[in-house]
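Chains as they are written, first to last, in the working numbering: chain A, 1 to 117; chain B, 118 to 229.
Ideal placement from N, C-alpha and C gives every residue a C-beta, glycine not left out.
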């Protein structure tokens with residue numbers, strides 16, 4: 001149980017294009033999903049907290065107009081990287097907090113590797 | 118206040134040995150302390166977690182020791198195996214939003 005999927009698992013795009021990443025909780029409902037970015041050999045950095053049906057809350061220093069987050073249902077959140085540039089190349093990971101269960105517990109997706117050429 | 122400091126950055130252990138990774142925090146409002154295991158190119162997976170009302174929790178070969186007064190917690194991996202070679206992250210959160218604050222990570226290598 002508590003499986004989170006991400007699609008795509010990897011994507012390569014040209015500079016200036018937009019890329020959408022999906023995060024789905026497969027066997028549970030999640031009112032809250034989190035989006036992280038991880039650079040090689042570094043820790044996970046929280047980008048934003050996404051709540052179903054409301055606007056996402058972004059961490060300090062994260063451009064909300066560049067990283068658009070939509071949490072349209074209790075099982076789906078999307079992250080769109082707009083006008084991507086090479087410096088946006090990273091490993092993007094989502095997590096989901098179950099509607100039922102421990103408030104703190106999060107289950108992570110497998111990640112999406114974004115490469116911007 | 119929001120930081121979680123993790124050490125060591127890297128660790129090499131012989132097969133069958135004990136791996137120990139330490140974390141320290143400042144924010145006394147933290148009430149949930151999980152450990153995650155991450156393999157290259159994969160998302161982190163929850164290994165074990167503890168809350169501050171207990172001093173130790175064991176699940177199989179993995180044990181968390183928690184020292185509330187020192188604001189420290191550690192992960193012990195008993196009988197370490199080559200398959201345990203991965204990066205381990207400690208984290209902490211509280212019930213104000215539930216955001217996880219991650220440590221810097223420890224790259225563990227278990228030699229056969």
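**Beta-carbon gap between residue 149(B) and residue 191(B) smaller than 8 Å** = no
**Message:** Within 10 Å of its beta-carbon, does residue 151(B) have 16 or more other beta-carbons around it, so buried, or fewer, so exposed?
**Reply:** buried
**Prompt:** Among all the DSSP beta bridges, which residues are the ones paired with residue 226(B)?
**Reply:** 129(B)
**Terminal residues of the beta strand (DSSP E) in which residue 193(B) lies** = 189–194
**residue 16(A) versus residue 66(A) - alpha carbon distance** = 11 Å
**Item:** Beta carbon proximity, residue 156(B) to chain A, threshold 8 Å
**Value:** no
**Prompt:** Alpha carbon to alpha carbon, what distance is there between residue 38(A) and residue 140(B)?
**Reply:** 20 Å
**Asked** So residue 78(A) and residue 92(A) are in contact, right, with Cβ under 8 Å, and what is the actual spacing, rounded?
**Response** Between residue 92(A) and residue 78(A) the Cβ distance is about 11 Å, and since that is not below 8 Å, they are no contact.
**Prompt:** Taking Cβ-Cβ distances shorter than 9 Å, what residues in chain B pair up with residue 60(A)?
**Reply:** Correct list: empty, because the minimum Cβ distance to chain B is about 11 Å.
**Item:** beta strand (DSSP E) segment containing residue 208(B), residue limits
**Value:** 203–209
**Request:** Determine the closest residue to residue 172(B) out of 189(B), 158(B) and 159(B), with distance taken between C-alpha atoms.
**Result:** 189(B)
**Request:** Under the assumption that residue 181(B) contacts residue 194(B) (Cβ atoms under 8 Å), give the Cβ distance between them as a whole number of angstroms.
**Result:** 11 Å between Cβ atoms; not a contact.
**residue 47(A) to residue 201(B) span [Cα, whole Å]** = 29 Å
**Prompt:** Under a three-way DSSP split, which group does residue 176(B) fall into?
**Reply:** strand
**Of the residues 68(A), 42(A) and 3(A), the one placed nearest residue 20(A), counting alpha carbons only** = 68(A)
**Message:** Against chain A, does residue 146(B) count as a neighbour if the rule is that its beta carbon must be under 8 Å from one of theirs?
**Reply:** no
**Prompt:** For residue 49(A), does the count of other Cβ atoms within 10 angstroms reach 16, so buried, or fall short, so exposed?
**Reply:** buried
**Request:** Determine, using beta carbons only, whether residue 207(B) and residue 121(B) come nearer to each other than 8 Å.
**Result:** yes
**Message:** Short of 7 Å in beta carbon distance, which residues of its chain neighbour residue 119(B), apart from the five on each side in sequence? Order them along the chain.
**Reply:** 144 and 218
**Asked** So is residue 35(A) buried or exposed if we call it buried at 16+ other beta carbons inside 10 Å?
**Response** buried
**Asked** For residue 52(A), does the three-state DSSP call read helix, strand or coil?
**Response** coil
**Request:** List the residues that DSSP assigns as beta-bridge partners of residue 124(B).
**Result:** 139(B)
**Asked** Leaving out the 5 sequence neighbours to the left and right, which residues in its chain are closer than 6 Å to residue 10(A) when beta-carbon positions are compared?
**Response** 113
**Asked** Which of helix, strand or coil does DSSP assign to residue 151(B)?
**Response** strand
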